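Numbering (the UniProt record's numbering), first residue to last: 1 to 96.
For every residue, glycine included, the Cβ atom is placed at its ideal position computed from N, Cα and C.
Keep in mind that this is a model prediction, so the values were computed, not measured.
Structure first, then comments.
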């Protein structure tokens, strides 16, 4: 992989609306280069017989089963609303 340049760092910073100076651009270019070099070393590993994983630990969903239940009575909910009309919470108009 080619080396990341200061100009590329400045370009990405501009796209992200970040204001960085020359010294920071140089520092980030070096740091990103080190990260990419390390990531490229991973390509050298033999993963032929390694099963793909989403997590390093064998985890399973331990949440309760999602079962429908009755909600609060409408009157109780509307009692807490600052304004309501025709059985619905009334909110200020935001689109015209």
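When the Cα atoms are used, what is the spatial distance from residue i to residue j?
i	j	result
residue 82	residue 70	23 Å
residue 47	residue 21	41 Å
residue 23	residue 10	11 Å
residue 57	residue 2	35 Å
residue 84	residue 66	30 Å
residue 64	residue 19	47 Å
Check the DSSP bridge columns for residue i and list the partner residues they point to.
i	result
residue 89	84
Kindly indicate the opening and closing residues of the alpha helix (DSSP H) around residue i.
i	result
residue 15	6-15
Sufficient close CB pairs (3 or more, under 8 Å) joining the stretch 26-41 to the stretch 2-9: yes
task: Tell me the start and end of each unbroken alpha helix (DSSP H) in the stretch 20-72 that is at least 4 residues and wholly inside, in chain order.
output: Those alpha helix (DSSP H) runs which fall completely within the stretch 20-72 and span 4+ residues are 22-42.
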